[in-house]
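Engineer: Numbering of the sequence shown is given in the working numbering, commencing with residue 29 and proceeding in unit increments. Shown below is the structure under consideration.
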Amino acid sequence: MSIIQVVLSAISVYFLMNRFIRFIRREKTQTGFKLVMTLTVWGGVLFTSLFPTVVHRLSQTLGFGENLNTLIFFGFVIVFIVLFKLLSSIEHLERNLTEIVRKEALKDLIVKK
């Protein structure tokens, strides 16, 4: 195993375990969709780092060149990281908005009594 495979495997296992532990703890920010997406993306990264010959054969079968396959792979990883960050930001904004609406509704209820 090369050093790159070890590093990619370690990073993948870290992200997979982190998300799985968050799901087990039932944290507010962890949803089933996020868990499935994390398992898909980082599981794919882990599979690719552990079995590069299988991925190489698959890319040759599909007609992709070696360099193009690598660029596409890293592009997908970056896109999914950005997607997860955006999803987390949206969920955070939704929670804040819900809290503000609840406080305003309760304030109006107290004033009317």
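Beta carbons are placed, not taken as given, at the ideal position from N, Cα and C, and that holds for glycine.
With DSSP as the reference, label Gln58 as helix, strand or coil.
Structural biologist: The answer is coil: DSSP assigns Gln58 none of H, G, I, E or B.
Engineer: Quick check on this structure: which residue in Gly71, Ile52 and Val107 has the alpha carbon closest to the alpha carbon of Val43?
Structural biologist: For clarity, residue 43 is Phe in the given sequence; the question names Val instead. Phe43 has its Cα closest to that of Gly71, out of Gly71, Ile52 and Val107.
Engineer: Going by alpha carbons, who is nearest to Gln33 out of Thr76, Leu111, Thr89 and Phe102?
Structural biologist: For Gln33, the nearest C-alpha among the options comes from Thr76.
Engineer: Could you give the residue range of the alpha helix (DSSP H) that holds Ser37?
Structural biologist: Segment Ile31 to Arg53, the alpha helix (DSSP H) holding Ser37.
Engineer: Can the beta-carbon of Val41 be found closer than 9 Å to that of Leu67?
Structural biologist: Taking 9 Å as the Cβ cut-off, Val41 and Leu67 do not qualify as a contacting pair.
Engineer: Measure how close the beta-carbons of Arg47 and Leu63 come, nearest whole angstrom, since I'm counting them as under 8 Å.
Structural biologist: Confirmed, about 6 Å.
Engineer: With a CB to CB cut of under 6 Å and the five nearest residues on each side skipped, what residues in its chain are close to Val83?
Structural biologist: Cβ neighbours of Val83 beyond the five flanking positions: Thr76.
Engineer: Hey, would you say Val69 sits closer than 9 Å to Phe102, going by beta carbons?
Structural biologist: No, they are not a contact pair.
Engineer: In this structure, how does DSSP classify Gly19 when only helix, strand and coil are distinguished?
Structural biologist: Given that the chain is displayed from residue 29 to residue 141, the structure contains no residue 19 and the question cannot be resolved.
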